[in-house]
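Chains as they are written, first to last, in the numbering used here: chain A, 2 to 422; chain B, 5 to 411.
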Amino acid sequence: MITANIAASKSAALSHIRICDLTGLLAGAGATRFLAAFGAQVIRVEQPAHEKHRWDFLRGGMSPDGARQGINFGGNFNNHNVEKLSITLDLKSPEGKELLGRLASVSDAVTENFSAHVMERLGCGYEWLKSKNEKIVYVANSGFGKEGPYSDFKSVGQVVQPVSGLTFMSGLPDQEPAGWGFAYMDHIGAYMMATAVLGGIISRNRTGEGQYIDFSCTEAGIGLAGPGLLDSTVNGRPMRQPGKPNSNADNYPPMAPHGIYAAAGEDNWVAIAARDDDDWARLAATIGEPWATDPSLASFEARAARRGEIDGKLTEWTRGRERNELQGAIREAGVPAAQVARPEDRIEHDQRTASWGLWPEVEHDEIGKVRVEGIPIHMSKTDWSITRGAPCLGNDNDYVYSSLLGLSPDEIADLRERKVI
Amino acid sequence: MTPLLSGLRVVELASDRAAYAGKLMGDLGADVIVIEGTGGHKSRRYGPFAGDVADPDKCLWWWNYNTSKRSVELDLESEAGRADFRKLVQSADIVLEGEDPGVLNALGVDHTQLRAGMPELVWVSVTPNGRKLAQLHEPATDLTMLAAGGLVWNCGYDDHGLPPVRPSGGHAHHTASMFAVMGALTAVVHRDLTGVGQHVDVSMIAATNVTTEVSSVDWLYRGATNQRQTGRHASEHKTMGIQVQTGDGGYCTNPLGLTTAGNYQAVMDWLRELDLADECPEFFFLQMGVERGGVSLKVLGTDVEATEIYRAGREALYLIASKLTTAEFFVGAQSRGIACGAVYAPDEALADAHFLSRNYPVEVEHPELGRSFTYPGLPFSGAKIPQTIRRAPLVGEHTEEVMTALQ
């Protein structure tokens, strides 16, 4: 009996759950990553070696020192696929499809984030999956959903974010949209997808029925616009207006001052938010200059009306001071303030992430020891565990095809010979 | 139809931090009871307001984050209120709260004090640094958490004289709330099997830290610090722009450029259709793009000819965009197989034909005002996904109904 290589400390939260995982990139792989960290057995189904152009785009890359490269060295792939198993399977061959059906029959959920109609074209849509496993939970994740005029549109983070309005919501007045410097919606898509899988399992436990959930990432993005969207639909006040957005100043509840201010040195910045008049009084006392302690600025209304002028004077004060010094002095006064953290600041020098255990080290079969992201929740009884790096391509073929699906060593060798796996 | 989360009762203490988590579970069919202090939670004063009238029952912040919940008004400062809260907790599968560390303990109603006799209870706390690190507690807002958590560093402009940008909308709360939901449901799956509930501790700063995609991984993996750039991924090395201005003054993105031979042929055809081929000095390169069989993103910067062809492809798209509206360019490019996104405002997206055809916007009845309003719906479809959502509750609207049922 070949057993999966599983750490002894694995979480028991989802250890009875198996996912047949056809996802890739971050929007899909990020969902099953969370489930794997809580103990679910996530089996990534990937194209065999001869189909290399169809692998997850993030799979290949260079080793951290740049000395080695190959299909198992992608740093982002490693991060997004910790604690998972990998099998290879040619879904376009009849035998591959049959094996997928057998895997689905012993799984709780099937997950995928192919383009909208790929599963149907492969003949592996929900009806087919259901014929293999009546209670299967099938969650599909695509940019625009499986129905509607844009369902075949190409979609990556920098398509989803603009179309959903998130890019628009990030900018300064009289400038073009700044947008997001990373694929935020790939993360949110992953979180929503994990939510759908967990909800589907809970629903199955209660009703005995499986289901198909189609998730649209762009719609999730529209839903993150905040209350400003209702100001448009309820009050007829369009979100596109002169001078808007002013993202660093805009907030519900409104605050003044509220923004990101230059500190001493190159590209150093501090975020400051005065939540109310008391915050402002304490901030003004910290600044200690007559313009700040001027009683005419004591009320929010007055400060909001003179936002530009206050931001200018505040910047004159912050510009000559070190960001750490500013953050410390303003926080000491009880006012929210934070330096704009670079990756090294928050990963290497922030007790709030280090003491949380947010950057666990994993062992990857080819890369070796490398740090990855942890999970921002801790559970008191069945906490997450991340110790294994992403699987090398096809690492778990023997375990899955023999122990799980009952194939003989000869049958597996034959499938490998004929490039089905 | 049995809605996805039906049968689960969530007792939520009203908060800024976890409101979106309660809304998501409520919209998905859970019975969410939001507890507010006397006169309603402070977020009912955040605005904006329906009709611009500052009324706690007309606050759009409250409306947005409290759909599909019932409201119970009770005073945790009084013994009677705490007794009611204990009764409510006994009826709950999940308690959801975003109080500062120590607050509930001082009132005698924290999870450690209430758990006796309720081994199955799942209790979710959402705080800036997590309960685990309560000693590090400090004042924080959405803005300061996104700055400290690494999101802001990545967003802004090529011109680093301009400050980095914090996208507005409340994303420190959104991100933490998503983890609150995932944690709560994970704990429920485990409880369904074992009968054992537990505490779920969510750190908002940690949630933001792991929601910055390549920014964290590029540092962890190879010590690279990415730098912000206008409208595209922050990167260690400067990359080509992907944002293009359209003829009506709007913008579209073209994140991948032209990569396949089909892409290059499609743009040549599009230029001819618009009678722009003569205006395009790069036309010759497009033909080369077809003949080469496209350009792989992996050779950009190393293969000079490929890089020039790729650049020419972008120039051709800029020319086409300058003659069309945002919507025309977006749909035109996508229907020709070219990845493209229109930079819509969220209300423009909500009114777009695609989302209308999918019934994504929903009409939410407001009987107290005698009309309905359009809200964003759920991003899920399926047989057990609710098609409707209920408006947020009025202050204490369900106090009597809920408390009577507990007697």
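C-beta: ideal position from N, C-alpha, C; glycine also.
Since the model is a prediction, treat every value here as computed from it, not as a measurement.
List the residues of chain B that residue i touches, going by C-beta distances under 9 angstroms, in chain order.
i: Ile348 of chain A; result: Gly154, Asn213, Ser220, Trp223 and Leu224
i: Ile137 of chain A; result: Residues of chain B passing the Cβ test: none, with the nearest at roughly 13 angstroms.
i: Ile311 of chain A; result: In chain order: nothing, as chain B lies at least about 15 angstroms away.
i: Tyr192 of chain A; result: Thr179, Met182, Phe183, Val185, Met186 and Thr215
Below 8 angstroms CB to CB, which residues in the same chain sit around residue i once its five sequence neighbours on both sides are set aside?
i: Gln212 of chain A; result: Val138, Tyr139, Gly201, Ser204 and Arg205
i: Gly235 of chain B; result: Gly245, Ile246, Gln247, Tyr255 and Thr257
i: Gly321 of chain A; result: Ala265
i: Ser385 of chain B; result: Arg362
Going by Cα to Cα distance, which pick from the options is closest to residue i?
i: His194 of chain B; options: A:Ser16, A:Phe145 and A:Val46; result: A:Ser16
i: Ala141 of chain A; options: A:Ala37, A:Gly62 and A:Met120; result: A:Met120
i: Ala305 of chain A; options: A:Ala342, A:Gln176, A:His259 and A:Lys314; result: A:His259
i: Leu359 of chain A; options: B:Thr215, B:Leu28, B:Ala84 and B:Gly41; result: B:Thr215
i: Ala188 of chain B; options: B:Ile98, B:Ser376 and B:Ala84; result: B:Ile98
i: Val421 of chain A; options: A:Gly126, A:Leu101 and A:Gly166; result: A:Leu101
i: Pro163 of chain A; options: B:Arg170, B:Glu372 and B:Pro350; result: B:Pro350
i: Gly329 of chain A; options: A:Ile311, A:Ile376 and A:Ile273; result: A:Ile273
i: Lys327 of chain B; options: B:Glu277, B:Thr306, B:Lys302 and B:Tyr348; result: B:Glu277
i: Tyr314 of chain B; options: B:Gly298, B:Ala270 and B:Leu92; result: B:Gly298
i: Arg280 of chain A; options: A:Ala299, A:Asp295, A:Thr112 and A:Val271; result: The sequence given here places Asp at residue 280 of chain A; Arg does not occur at that position. The shortest Cα separation from Asp280 of chain A among A:Ala299, A:Asp295, A:Thr112 and A:Val271 belongs to A:Ala299.
i: Gly369 of chain A; options: A:Thr168, A:Thr196 and A:Pro65; result: A:Pro65
i: Gly30 of chain B; options: B:Val93, B:Arg48, B:Lys73 and B:Val156; result: B:Lys73
i: Phe288 of chain B; options: B:Gly317, B:Gly261 and B:Thr264; result: B:Gly317
i: Thr131 of chain B; options: A:Leu394, A:Asp397, A:Arg353 and A:Glu364; result: A:Arg353
i: Gln176 of chain A; options: A:Thr294, A:Tyr192, A:Lys245 and A:Trp292; result: A:Lys245
i: Met240 of chain A; options: A:Phe216, A:Gly172, A:Leu408 and A:Asp215; result: A:Gly172
i: Ala331 of chain B; options: B:Asp114, B:Thr42 and B:Ala346; result: B:Ala346
i: Lys155 of chain A; options: A:Glu362, A:Ser217, A:Arg60 and A:Glu412; result: A:Ser217
i: Leu327 of chain A; options: A:Pro361, A:Ile348, A:Lys382 and A:Ile261; result: A:Ile261
i: Val83 of chain A; options: A:Ala37, A:His118, A:His51 and A:Val107; result: A:Ala37
i: Phe145 of chain A; options: B:Leu323, B:Asn363, B:Val218 and B:Glu401; result: B:Asn363
i: Ala110 of chain A; options: A:Glu210, A:Phe74, A:Arg419 and A:Arg347; result: A:Glu210
i: Val185 of chain B; options: A:Met186, A:Tyr185, A:His188 and A:Tyr192; result: A:Tyr192
Considering only residues of the same chain and omitting the five flanking positions on each side of residue i, which have a CB-CB separation below 6 angstroms?
i: Trp67 of chain B; result: Ala396
i: His178 of chain B; result: Tyr24
i: Lys11 of chain A; result: Gly40 and Ser386
i: Thr264 of chain B; result: Gly298
i: Ala343 of chain B; result: Pro259 and Leu260
i: Arg34 of chain A; result: His81
i: Ala228 of chain B; result: Asp222 and Glu240
Taking residue i as the query, report the chain A residues whose CB atoms sit under 7 angstroms from its CB, ordered along the chain.
i: Glu142 of chain B; result: Arg332
i: Lys388 of chain B; result: Ser204 and Gln212
i: Ser361 of chain B; result: Gly149 and Pro150
i: Ile324 of chain B; result: The contacting residues do not exist; Ile324 of chain B stays about 17 angstroms from chain A at best.
Please go through the same chain and pick out, in chain order, the residues whose beta-carbon is closer than 7 angstroms to the beta-carbon of residue i, but skip the five residues on each side of it.
i: Pro52 of chain B; result: Leu64
i: Ala8 of chain A; result: Interpretation of Ala8 of chain A is limited by its pLDDT of 49, a score under 50 that renders its predicted location unreliable; no figure is taken from the coordinates.
i: Met2 of chain A; result: At Met2 of chain A, the pLDDT of 46 sits below 50, so the modelled position is not reliable and the matter cannot be decided from this model.
i: Ser106 of chain A; result: Lys133 and Asn134
i: Arg332 of chain A; result: Ala338
Interface residues of chain B around residue i at Cβ under 8 angstroms?
i: Asp232 of chain A; result: Pro52 and Leu64
i: Trp181 of chain A; result: Asn158, Cys159 and Pro171
i: Ser165 of chain A; result: Tyr348, Pro350 and Ala353
Under 7 angstroms between beta-carbons, which chain B residues line up against residue i? List them in chain order, please.
i: Phe154 of chain A; result: Gln338
i: Arg80 of chain A; result: In the sequence as displayed, the identity of residue 80 of chain A is Asn instead of Arg. By Cβ distance, chain B contributes Val221.
i: His357 of chain A; result: The residue asked about is misnamed: residue 357 of chain A is Trp in this sequence, not His. Going along chain B in sequence order, the residues near Trp357 of chain A (Cβ under 7 angstroms) are Gly134, Lys136, Leu137, Ser207 and Ala210.
i: Pro49 of chain A; result: Simply none; closest approach about 22 angstroms.
i: Asn77 of chain A; result: Val218 and Val221
I want to verify the contact list: residues of chain A whose CB lies under 9 angstroms from the CB of residue i, in sequence order.
i: Phe377 of chain B; result: Leu231, Thr234 and Val235
i: Ile98 of chain B; result: Result: empty, since nearest Cβ-Cβ is about 11 angstroms, beyond 9 angstroms.
i: Leu9 of chain B; result: Gly200, Ile203 and Ser204
Give me the DSSP bridge partner(s) of residue i.
i: Tyr255 of chain B; result: B:Gln249
i: Thr263 of chain B; result: In the DSSP output, where bridge partners are listed per residue, Thr263 of chain B has none listed.
i: Gly71 of chain A; result: A:Gly62
i: Cys63 of chain B; result: B:Phe53
Can you pull the chain A neighbours of residue i, defined as C-beta to C-beta under 8 angstroms?
i: Val193 of chain B; result: Ala14, Leu15, Ile18, Leu199, Ile202, Ile203 and Asn206
i: Tyr175 of chain B; result: According to the sequence shown, residue 175 of chain B is His rather than Tyr. What His175 of chain B touches in chain A: Tyr185 and Leu225.
i: Pro168 of chain B; result: Ile261, Trp270 and Val341
Quick check: is any heavy atom of the ligand SAH less than 8 angstroms from the C-beta of residue i?
i: Gly317 of chain B; result: The ligand SAH is absent from the structure shown, which contains no ligands of any kind.
* Tell me, please, whether the segment 213-228 of chain B touches the segment 289-296 of chain B by the rule of three or more beta-carbon pairs shorter than 8 angstroms. => With contact defined as three or more Cβ pairs closer than 8 angstroms, the segment 213-228 of chain B and the segment 289-296 of chain B are not in contact.
* **Touch test, the segment 161-178 of chain B against the segment 243-258 of chain A, Cβ-Cβ under 8 angstroms, three pairs minimum** => The segment 161-178 of chain B vs the segment 243-258 of chain A: in contact.
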